[in-house]
Amino acid sequence: MTNLAVVLEDSARQEPDREAVVFGELRLSYALVDALANQVANLLVSRGVRRGDKVALACPNLPYFPFVYFGALKIGATVVPLNVLLTAREIAYHLDDSDAVALFCFEGTPELPLGQRGWEGFQQAERCEHFIALPASAGARESAIEGAESLWAALDGQSPVFATVETEPQDTAVILYTSGTTGRPKGAELSHLNMLMNAMVSDTMFERKTDGGQDVYLAVLPLFHSFGQTVVLNAGFLRRGRLVLLPRFDASAALDLMEREGVTLFAGVPTMFWGLLNAAEGRDAAAAAKELATAVSGGSPMPLEVLRAFEAAFGVTVLEGYGLSETSPVASFNQYTRPTKPGTIGFPIWGVQMKLVGPDGEEVTEGPGEIAVRGHNVMKGYYKRPEATAEVLRDGWLRTGDIATRDADGYYTIVDRAKDLIIRGGFNVYPREVEEVLMTHPGVSLAAVVGVPHEQHGEEVKAFVIRTADSGLTEEELIAWARENMAAFKYPRTVEFRDALPMTATGKILKRELR
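In this note's numbering, each number is its position in the sequence shown, counted from 1, plus 28.
Here it is as structure tokens:
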């Protein structure tokens, strides 16, 4: 059975009464989540949705997400998860571009008016036929969105039993949209085999509870993103773990949940680790995370200063990995069964090959090169974009756009994104290298470095910095310190202090906005 829904169904069959999802005081068993997914599947079939159709899902980390996600998969449909921060116009674009026939959309809150944006986007879309509102009020049979149908009313009378469609391994399970930093977002088509294999291999790389008890995953990564979907939702359900949902990352709330629920695995982007460190000041972090056995970082390079401080405070090794939406997403990882190398992204996961290539595509044996990936995790292509697919998929290898080095032991280290490279006066400046140095200054809490236009040098190096608490650090002092600690062509000539840095819904720093 290669349908991705098997990660839920098998766990529900083997451990029906085990807790699958925790949200506040709500605790749902595997049997109940599977039954709700079956009702969604029957609902879709009753509305004429069939195998191969596209079903969009706009929902933060709420219990709705897993049973709509797996319900659509059960009928052989393709799930199109949408970023919850999209505007109405952007939602309409994603619905039309993916050919979605249905949209399940959370009604939202005053802070996140997703429902109204979703309803407007649905009305603007040309082909989407069905809109199902996911009520903000538990069990509400009427939607707060005028004219919309509530999920609970729609599920009335739907059977909790469904015979899952047996899909082919290369059938598309999900379409994940890229951020669109270099143009309009493109949908990466990931097959059932892509997603299943990535979840299964990920599961083998995370330490299990030694006493035979249930592993507990803190779901703070957005489940609409590939990282949270594979490493937390799918791998978590595959392991029959308990998923503790947090719709919006709040470091203090995350620490409280770690302690209350006995979280054993935390997966996040570096800014989340940074947030947990700040939230842990004044409390016993190791005690709050007493059950934490695995901490996984991905999404962007982890500053070494943050990694070391987190490991010291929480008493757990941080395992860094690498991937992208186009690789389902995990491509390489520091695994607990082998020595970890802080600052690296480990080595390729089982069944995956990686190499470094130059601009001409020839393999690079020395010095930095672009990462190319081949294996079971690589996408089928970009939906309806053969030319864009051909640009990145060459001879079976995915060109990632990420620049890295490889050491003698086979561990890869990300130097930077190719598009983030700064060329100052003919010299290559890698922002991550500058950020790592800046983070060692005692007055710097977080730094992001970008290139800005310069008449003489082409580009100049600029740093955006969040200072540590009570730091009186000035721009002149930091620039003078940087001049002493890095090469003349690398150190930032201008520094702008900020209270916060712009971030995506997944917690990545938005450098394009800083530029």
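Cβ coordinates follow ideal geometry from the N, Cα and C atoms, glycine included.
Bear in mind the structure is a predicted one, so any value in this text is a computation, not a measurement.
Determine the DSSP secondary structure at residue i, reduced to helix, strand or coil.
| i | result |
| --- | --- |
| SER230 | helix |
| LEU507 | The amino acid at residue 507 is misidentified as Leu; the sequence shows Ile. It is helical. |
| VAL61 | helix |
| LEU140 | coil |
| PHE265 | helix |
| ASP435 | coil |
| VAL364 | One detail in the question is off: residue 364 reads as Tyr in this sequence, not Val. TYR364: coil per DSSP, three-state reduction. |
| PHE98 | helix |
| GLN152 | helix |
| LEU336 | The question names Leu, but residue 336 in the sequence shown is Arg. ARG336: helix per DSSP, three-state reduction. |
| PHE492 | strand |
| SER356 | coil |
| GLY486 | strand |
| HIS404 | coil |
| THR345 | coil |
| VAL443 | strand |
| THR534 | coil |
| PHE132 | strand |
| HIS158 | strand |
| ASP239 | coil |
Alpha carbon to alpha carbon, how far is residue i from residue j?
| i | j | result |
| --- | --- | --- |
| LEU56 | ASN31 | 23 angstroms |
| GLY535 | ASP124 | 27 angstroms |
| ARG402 | LEU421 | 9 angstroms |
| ILE431 | ILE399 | 6 angstroms |
| THR210 | ALA84 | In this prediction, THR210 has a pLDDT of 48, which is less than 50 and means its spatial position is unreliable; what the coordinates show is noted afterwards. Those two C-alpha atoms are separated by around 23 angstroms. |
| ALA40 | GLN186 | 19 angstroms |
| ILE537 | PRO188 | 42 angstroms |
| THR355 | ARG366 | 23 angstroms |
| GLY52 | ALA216 | 33 angstroms |
| GLU390 | PHE301 | 37 angstroms |
| PRO329 | ARG460 | 8 angstroms |
| PHE361 | TYR245 | 18 angstroms |
| PHE294 | MET228 | 18 angstroms |
| ASN66 | LYS102 | 8 angstroms |
| SER126 | PHE150 | 13 angstroms |
| MET531 | LYS214 | 20 angstroms |
| PHE132 | GLU177 | 10 angstroms |
| LYS539 | ASP448 | 8 angstroms |
| ALA416 | LEU204 | 15 angstroms |
| GLU339 | VAL346 | 7 angstroms |
Under 8 angstroms between the Cβ atoms of residue i and residue j?
| i | j | result |
| --- | --- | --- |
| VAL443 | PRO396 | yes |
| VAL49 | LEU266 | no |
| ARG521 | VAL489 | yes |
| THR322 | GLU235 | yes |
| ASP199 | GLY264 | no |
| LEU110 | ALA86 | yes |
| ALA491 | ALA475 | yes |
| GLN257 | LEU251 | yes |
| GLU503 | PRO331 | no |
| PHE277 | ALA317 | no |
| GLY326 | VAL297 | yes |
| TYR92 | PHE134 | yes |
| VAL259 | VAL358 | yes |
| ARG445 | GLY429 | yes |
| GLN363 | MET233 | yes |
Taking the alpha carbon of residue i as the reference point, which residue from the options has its own alpha carbon closest?
| i | options | result |
| --- | --- | --- |
| VAL477 | ILE507, ALA497, GLY454 | ILE507 |
| LEU556 | ALA105, THR206, SER187 | In the structure as shown, the chain starts at 29 and stops at 543, and residue 556 therefore has no counterpart that could be examined. |
| ALA161 | LEU293, HIS485, LEU179, SER473 | LEU179 |
| ALA191 | TYR458, VAL523, GLU37, GLU309 | GLU37 |
| LYS369 | LEU352, ALA432, TYR439 | TYR439 |
| LEU224 | MET29, PRO459, GLY424 | MET29 |
| GLU196 | ASN222, GLY310, GLU339 | ASN222 |
| GLU483 | LEU90, VAL291, ARG460, ARG452 | ARG452 |
| GLN381 | TYR364, ASN405, ALA281 | ASN405 |
| ASN89 | LEU305, LEU542, VAL248 | VAL248 |
| ALA82 | ALA168, VAL202, ASP45 | First, the amino acid is wrong: residue 82 is Lys here, not Ala. The shortest C-alpha separation from LYS82 is found at VAL202. |
| GLU43 | SER230, ARG270, LEU71, GLY136 | ARG270 |
| ASP435 | ALA314, VAL392, VAL465, SER280 | VAL392 |
| ALA33 | TYR97, VAL73, SER74 | TYR97 |
| LEU335 | ALA315, GLU157, ALA281, LEU304 | LEU304 |
| THR299 | LEU384, ARG46, GLU174, ALA528 | ALA528 |
| ASP388 | GLU419, PHE375, TRP378, ALA100 | GLU419 |
| ALA497 | ARG526, PHE255, ALA166 | ARG526 |
| ARG75 | LEU183, GLY351, LYS447 | LEU183 |
At a cut of 8 angstroms, does the stretch 104-120 reach the stretch 138-158 through at least three beta carbon pairs?
Verdict: yes, contact present.
Do three or more CB pairs link the stretch 462-471 to the stretch 406-414 at distances below 8 angstroms?
Not touching, per the Cβ criterion.
Contact between the stretch 281-291 and the stretch 134-142 is defined here as three or more beta-carbon pairs at a separation below 8 angstroms; is this criterion met?
No: fewer than three Cβ pairs fall under 8 angstroms.
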